[in-house]
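Single-structure report; data block below.
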Amino acid sequence: MASLVGSRVERKEDGRFLQGRGRYTADINIANQTYAVFVRSPHARAKIKSVDTSKALKSSGVVGVLTGKEIAEDKIGGLIAGWAIRSEDGSEMKVPANPPLAKDIANFVGEPIAVVFAETLDEAKEGAEKVKVDYKVLKAVVDPADAMKSEAIHDGVDKNLCYDWLLGDRKAVDEAFAKADKIIKVDLINNRLVPNAMEPRACVVDYNTASEEITLYTTSQNPHLSRLVMSAFGNVAPENKLRVVAPDVGGGFGSKINVYNEEIVCSWASKKIERPIKWVAERTESFLTDTHGRDHVTHAELAVTNDGKFLGFKNETIANLGAYARVFGTVTPTYLFGPCATGVYVIPAAYSNVKAVYTNTAPVDAYRGAGRPEATYTIERLVEKAAMELGIDKTEIRMKNFPTQFPFKQTLVHTVDSGDYVAGLEKAKQMADYAGFEARRKKSEANGKLRGIGVSSYFEACGIAPSAAVMSLGCGVGLWESAEVRFNPTGQISVFTGAHSHGQSHDTTFAQIAADELGVPMENIDVVHGDTDKGTFGMGTYGSRSLTVGGIAIVNACKKIVAKGKRVAAKMLEVNEDEIEFKDGEFVALKSNKKKTIGEVAFACYLPGQRDEMKSPIPEGDEPGLIESSFFDPANFSFPAGSHICEVEIDPDTGNVKVEKYTAVDDFGRIVNPMIVEGQVHGGIAQGIGQALHENTQYDETGQLMTASYMDYTMPRADNFPEFNLGFTCTHATSNPLGVKGCGEAGAIASPPTVMNAVIDALGGQEISMPATAEKVWKACKAMKKSNAKAA
Amino acid sequence: MKSFNYHAPKDVKDATKLASSSSAFLAGGMTTIPSMKLGLASYKDVIDIKKIKKLSGIKVSGKTVTIGATTKHVEVATSKDVKKAIPALAKLAGNIGDAQVRNRGTIGGSISNNDPSACYPSACMALNAVIHTNKRKIDAEKFFTGMFETALKSGELVEAVEFQIPEKADYQKHPNPASRYAIIGVFVAKHKKDVNVAVTGAKSCVYIDKDLSKKLSSNFSVSSIEGTDVKSSGMNSDMHASAEYRANLVSLYAKKAVEAC
């Protein structure tokens, strides 16, 4: 039987998605449901003097109005930061309380203050308009660079500083810098991004008055984790009385990791008002309250020798956490960022220092890549600038500093198990026709255009992650993953996973893996996820971990099924277990060539007996049934890597930047489904190009989000992209039995510096910040013309 | 959205009878409906005029093209008659918004709303259009009076727009990358006696750039406007484009339009 792993199997989920038959949270309706509308702060920072709900309560159709006062009285816990980070001086990070409904102070525009439940959505909206909140508006802190100099927005958080974290050795770095021929410096802003999942957040809650169980349907990337958090920290209900279901979810990108205010409030309130509740975010609410991404201000330096050897690296970054620290908010700019900031290079000495600050803006958390795009942007801008300043070819300087031995002990934390960075860059150069660039540049020049080429080589640490490692670094939970493989008596198989698909194609990829392991057609396999009542506890999907952690749990559970099957088949075939071989779904007795299919074995496991004879196929010590589970805790992170090359053409008259060519060569180890992986890379690159050229989150000085709709926030569109040119090098991971590496975030990690390096190359080295919008580029072109004229 | 009374009259007389200070005419609804959904506008009565047959359609006479108020952008963009008589107008319509907008949005809605960055008003100005309402005929230059303001009186309804067929014309726009409305749009029309350069997106209301128009009237060539210093004073400056950048684009796109004529 041909292996399904490695083949371009069409996505099982496409049928329902493309025909509008998906079942999303907003598609779920429960008889007698009420509709929730939240009253949100219109101010970025304001004291809440009073909340008057009397008029709202009298409004037509209103069933109930709840505020921060009631939620505090019921001792419902707030939102949490999932990682405890320590400052360089050893002190613990400072985390302000983040109640689900703000009671005394609002800290960002959109923060919920109260909620109105009504018979219809319109009535709930009408009711919400009648809730009168008396605010005392305070001066907002908006700019992260100024936050430490501004008034503290949270009690007990001096200088608005959550932590001042250091990874690395300042002294060793100073010594390395003293030996350098040249110090390359960059000042960077990693622009804030709004995730913009296609499906806005939503929740539907059903409190069962008989069983006292709350069922929460929600747009989550990790329903089990949501339940844990809501139970352990939120005090909403004990875990056994709380069922969390995340059905089809239309994109997450990290923004649906958190348990949000609305889910906690509606779950608590459903029990209180004894009615089901439905809440669906409007797009503006998504813009205002979904966790945002990135938002770093960085100064970084690279110490180099004249012949292009890297000696040392330093990174001083201010990371904007927004108003509150959320689940991955504190780890994203530290352990997900700092270690990767030295990139794919051998750099003897390095440190990353990150000051995370609070501001009166939407909370910032993990967003596709989470820390690694910021890291890659930092190092790859430095490396490109080093090449330019030293007059060394930009690919040559990279090759010169790549490690050649694997495992590669990277400067700050990671030991990278496998890779071949030279092969990746060589392949990218060839695919991009790097050698032919100068001719293309001249051609553009003849047409009055400026053409630039940019390179970036990256690695990233994903597939999070070994529990002992992450818990030692402050993570509040272990990051293993679970699977249960359930052979049904009639031969179909249900594969339960703790991972969650919100676009990742688990229905297909996981079925491919299980089908190969069990030797059955993948049509017989259903992948079940997203329901805490179905299958084992799991940690969910983020950090490119589904396959490298969750997929391996499936493999291991399948192996247990086969092992038990072997014992049963041996008894059925009346041979010893070691005389049985399992191949292509059949247990074969090697000597006699008698066989039992895995389906027959499963059937026998459930019907262990036969008429007229006292005989069981189940060996002594085994139990009936054929269900196995596995909890897989990886031994290491997964380290995808690669090199991307981009060519842009700039029209100096308008400043328009056109991405002419984009080549990506990635190493994702063994590839299960090339078509799905290509889709992941396409999506990632599109998001990265979005960050580099288009996405322009802007708050004004009072903390109002100016780009809170698609009229003003530029989402990249199909006509912004060329056809992507993709290639792969496949060095298998040694840290898992499939040899796979995470692929979900790489595109978004590698592409922003690749594109910006190309833009800056076209601008003759003039640095501009992301997004490189037409006007910014036009101004840079004008400045270039002026300086060229002067030089002439 | 707040509830309202929905009306779908069959003729203009009934439509205007229903109009009041708390009513809105609804054509494509490309602005009205989002405004209502976002709570920026609410009406007691919404008067849908799409059922009024005589308001839709395209007629070409010897010197003019007349387009009914509820004619959709897609109909103008794909009309053989418009493409033949004023190809620039078909091109303009074909680049408004996206396919969904073009399949619903109408010319009457666009000009009645007079969004400062809408495309159609520039065509009206450059093509010496006459706006036919249920009460009178208004010259385009008197019709567009300010930001989202027109000469329309309460209850007055645009019935059709009559464009003068030029010798040559072209429309060029620099779209806002987010909304794809015009950051600036320049409509250049060469008529028998003179040339009009109408600009949208740059200021609070569409206008004729007199300097560019005059130069092109005396010599219709790129060289005649080369180096023209379009002043940025009075131009919009926002997070998408500064006044200085807009001024640069106006002169640049005027040249592009002349080149394309």
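Order-wise, the sequence lines are chains X and D.
In case it helps, the working numbering puts the first sequence at residues 18 to 809.
In case it helps, the working numbering puts the second sequence at residues 735 to 995.
The beta carbon of each residue, even a glycine, is placed where N, CA and C say it ideally should be.
Here the structure is a predicted model, which is why all the values come from computation and not from measurement.
Host alpha helix (DSSP H) of residue i (start-end)
i: Pro770(X); result: 763–779
i: Ala213(X); result: First, the residue type needs correcting, since residue 213(X) is Asn and not Ala in the sequence shown. No alpha helix (DSSP H) holds Asn213(X); DSSP gives it neither H nor E.
i: Asp69(X); result: No alpha helix (DSSP H) holds Asp69(X); the beta strand (DSSP E) holding it covers 63–69.
i: Thr412(X); result: 411–418
i: Ser489(X); result: 484–489
Between the CA atoms of residue j and residue i - distance to the nearest angstrom
i: Asn337(X); j: Ala681(X); result: 30 angstroms
i: Ala574(X); j: Lys147(X); result: 55 angstroms
i: Ala789(X); j: Cys283(X); result: 41 angstroms
i: Val545(X); j: Glu128(X); result: 34 angstroms
i: Ala779(X); j: Ile470(X); result: 7 angstroms
i: Ile667(X); j: Glu140(X); result: 52 angstroms
i: Tyr109(X); j: Asp181(X); result: Note on identity: in this sequence residue 109(X) is Glu, with Tyr being the wrong assignment. Using only the alpha carbons, I get a separation of about 10 angstroms.
i: Val746(D); j: Gly557(X); result: 59 angstroms
i: Val895(D); j: Gly802(D); result: 6 angstroms
i: Asp832(D); j: Lys64(X); result: 43 angstroms
i: Gly37(X); j: Ile693(X); result: 20 angstroms
i: Val566(X); j: Cys220(X); result: 28 angstroms
i: Ile294(X); j: Val133(X); result: 11 angstroms
i: Pro743(D); j: Thr750(D); result: 9 angstroms
i: Gly935(D); j: Tyr941(D); result: 10 angstroms
Backbone secondary structure at residue i - three-state DSSP
i: Ile783(D); result: coil
i: Cys747(X); result: coil
i: His699(X); result: helix
i: Arg836(D); result: helix
i: Gly355(X); result: helix
i: Lys444(X); result: helix
i: Gly843(D); result: helix
i: Arg57(X); result: strand
i: Ala606(X); result: strand
i: Arg103(X); result: strand
i: Cys622(X); result: helix
i: Leu205(X); result: strand
i: Tyr180(X); result: strand
i: Ala189(X); result: helix
i: Cys575(X); result: helix
Beta bridge counterpart(s) of residue i as assigned by DSSP
i: Arg687(X); result: Per DSSP, none; premise fails for Arg687(X).
i: Arg385(X); result: BP columns for Arg385(X) are empty, so no partner.
i: Gln898(D); result: Thr798(D)
i: Gly339(X); result: Tyr375(X)
i: Cys939(D); result: According to DSSP, Cys939(D) bridges with nothing at all.
i: Ala975(D); result: Asp972(D)
i: Pro909(D); result: Ala916(D)
N-terminal and C-terminal residue of the beta strand (DSSP E) that residue i is part of
i: Val314(X); result: 313–321
i: Val794(X); result: From DSSP, Val794(X) is part of no beta strand (DSSP E) but of the alpha helix (DSSP H) over 791–808.
i: Ile290(X); result: Note, Ile290(X): premise wrong, no beta strand (DSSP E); alpha helix (DSSP H) at 278–290.
i: Arg260(X); result: 259–262
i: His741(D); result: 739–741
Min CB distance residue i to chain D below 8 angstroms
i: Gln529(X); result: no
i: His699(X); result: no
i: Met728(X); result: yes
i: Glu229(X); result: no
i: Glu216(X); result: no
i: Glu792(X); result: yes
i: Asp139(X); result: yes
i: Asp670(X); result: yes
Check: residue i C-beta below 7 angstroms from any heavy atom of the ligand ZN
i: Leu891(D); result: As for the ligand ZN, it is missing from this structure, which has no ligand bound.
Any C-beta of chain X under 8 angstroms from that of residue i
i: Tyr979(D); result: yes
i: Pro850(D); result: no
i: Ser976(D); result: yes
i: Ala753(D); result: no
Residues that residue i contacts on chain A, provided the C-beta gap is smaller than 8 angstroms
i: Met973(D); result: Looking at the structure shown, chain A is missing, and the protein chains on hand are X and D.
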